[in-house]
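K.L.:
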Amino acid sequence: MAAATTQVQQQQLQAVKQVQQAAAVVKPRDPFWLGGAASCAAAFVSHPFDLAKVRLQTTQGVSKQGMIGTMINVARHEGFFALYTGLSASLLRQGTYSTVRFGTYDLLKEKFGPKDGSRIPVSTMLLCGVLAGCVGGGFGNPADVVNIRMVNDGKLPKEQQRHYKHAFDGLFRIVKEEGPAQLMRGLGPNMNRAILMTSSQLVSYDGFKRQLLATPYFKDNLATHFASSLLAGLVATTVCAPLDVLKTRIMNSSGSNTSSTQMFFHIVKSEGPAALFKGWLPAFLRLGPHTIVTFIVLEQLKVIVHQKK
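All letters in the sequence shown, in the order written, are residues 1 to 309 by UniProt numbering.
1. Under a three-way DSSP split, which group does V25 fall into?
2. On a CA-only basis, which of V151, I296 and L108 is nearest V130? Give me that one, please.
3. Between the Cα of P242 and the Cα atoms of P273, K219 and P282, which residue gives the shortest distance?
4. P189 lies in the alpha helix (DSSP H); which residues open and close that run?
5. Do you know offhand how far Y84's Cα is from L171's?
6. Which class does L108 belong to by DSSP, given the choice of helix, strand or coil?
7. Suppose contacts are defined by Cβ-Cβ distances below 9 Å. Is V143 in contact with M197 by that definition?
8. Examine the Cβ distances between the segment 92–101 and the segment 33–52 and report whether three or more of them are shorter than 8 Å.
9. Grouping DSSP H, G and I as helix and E and B as strand, with all else coil, what is R101?
10. Spell out a yes or no on whether the segment 139–154 and the segment 105–123 are touching, meaning 3 or more CB-CB pairs, one atom from each, closer than 8 Å.
11. Do N192 and V54 have their C-beta atoms closer together than 9 Å?
12. I think Q239 touches I267, with their Cβ atoms under 8 Å apart; what is that distance to the nearest whole Å?
13. What are the start and end residues of the alpha helix (DSSP H) that includes K176?
14. For N221, does the count of other Cβ atoms within 10 angstroms reach 16, so buried, or fall short, so exposed?
15. Between which two residues does the alpha helix (DSSP H) holding residue 353 run?
16. Quick one: give me the first and last residue of the alpha helix (DSSP H) that D50 is part of.
17. Would you mind stating whether H306 and P121 have Cβ atoms separated by less than 9 Å?
18. DSSP state of R119, grouped into three classes?
19. Cα separation between K219 and G207?
20. For the segment 215–303, list the alpha helix (DSSP H) runs that are entirely contained and at least 4 residues long, ordered along the chain.
21. Indicate whether T58 and R210 have their beta-carbon atoms separated by less than 9 Å.
22. Just to confirm before moving on: does the CB-CB distance between G66 and P282 stay below 9 Å?
23. Express the C-alpha separation of Q161 and M125 in angstroms, rounding to a whole number.
24. Quick check on the burial criterion: 16 or more other C-beta atoms within 10 angstroms. Buried or exposed for G79?
25. Does Q65 come out as helix, strand or coil in the three-state DSSP assignment?
26. Roughly how many angstroms separate the alpha carbons of F277 and E177, rounded to a whole number?
27. Could you give the DSSP three-state label for T96: helix, strand or coil?
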């Protein structure tokens, strides 16, 4: 009797293994560019919020204006389309930074993940997120420098405004007027932020989606994608807030290079620790919709791309 039970269990385990192996073979690889395309689509929604976030983060002391107040003030004094100042740089940033981090994350998951179709351990996903964020942050740094300068330009005194016409004009002028090294300004905090962003946003999305699908209440549909991306945006905003402030302050400055450590102690000493979370609400209201649109578009692109194969 015991031998028969053991034989049945072995047959069941073998059947499960065969299904997992078949799933691993059948599952197609996502194109490398997919995440970047989805992030570019999301940039059209989130850019005005990104502009407000940068303006608040570069304000010394306590700002009396919130995100909505900042956006209204920009529209009133600079015109409605000023809310989309720097959009070309934002698209260039997403086309480099997000394309590389999403694509690298998927490649690393495939490389280091189980080959039998079983779930990827969270520790492995975190490692993939760290490595992908590091590479993506480096690739996206030049466009990020231009983006921050363009969205903050209208806030500066007229004699200090740079008036970059578009992203490539900004890249060219920075190289010509300040030297190529300035395109790597803030690389340290930017790469650290990219590591935290990728390992929190992408990994938490995968984790939340996995947990929701494990319940009887969710299916692999729009509602699940929305809920998972909303929660991922909340996690990513909180984790990345301090480094986001450091990165913004360093990239917006000119002249001698300031290290992230120097900027950290300067902010804490002159403005207090709470200043490291300055602009958290606009950051979430920017990153929340951006994350939601990114993953919803990404999931739809996956369906479209794999249907054609």
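A virtual CB, placed ideally from N, CA and C, is assigned to each residue, including glycine.
P.N.:
Straight from the coordinates:
1. Caution is warranted here: a pLDDT of 46 is assigned to V25, below 50, making its placement in the model unreliable, and the coordinate value is therefore given only provisionally. Of the three classes helix, strand and coil, the one that applies to V25 here is helix, per DSSP.
2. The shortest Cα separation from V130 among V151, I296 and L108 belongs to L108.
3. Here the closest residue by C-alpha is P273.
4. Unbroken alpha helix (DSSP H) run through P189: L187 to M197.
5. When rounded, the distance between both Cα atoms is 18 Å.
6. Of the three classes helix, strand and coil, the one that applies to L108 here is helix, per DSSP.
7. It should be pointed out that residue 143 corresponds to Ala in this sequence rather than to Val. No.
8. Touching, per the Cβ criterion.
9. Here R101 sits in helix by DSSP.
10. Judged by Cβ distances under 8 Å, the segment 139–154 makes no contact with the segment 105–123, as fewer than three pairs qualify.
11. Contact flag unset, no.
12. It should be pointed out that residue 239 corresponds to Val in this sequence rather than to Gln. At roughly 18 Å, the Cβ-Cβ gap does not stay under 8 Å, so V239 and I267 are not in contact.
13. Segment A167 to E178, the alpha helix (DSSP H) holding K176.
14. Exposed, by the Cβ-count rule.
15. In this structure the chain extends from 1 to 309, so residue 353 is not present and cannot be described.
16. L34 to Q57 is the extent of the alpha helix (DSSP H) around D50.
17. Not in contact: H306 and P121 (Cβ atoms no closer than 9 Å).
18. When DSSP states are grouped into helix, strand and coil, R119 belongs to the coil group.
19. The straight-line gap separating the alpha-carbon atoms of K219 and G207 is approximately 15 Å.
20. Counting only runs that start and end inside the segment 215–303, the alpha helix (DSSP H) elements of at least 4 residues fall at 222–252 and 260–271.
21. Against a cut-off of 9 Å, the Cβ pair of R210 and T58 comes out as no contact.
22. Cβ atoms of G66 and P282: closer than 9 Å.
23. The alpha-carbon atoms of M125 and Q161 are separated by roughly 42 Å.
24. Classification for G79: exposed.
25. For Q65, the three-state secondary structure derived from DSSP is coil.
26. Looking at the two C-alpha atoms, the distance is approximately 33 Å.
27. Three-state DSSP puts T96 in a helix.
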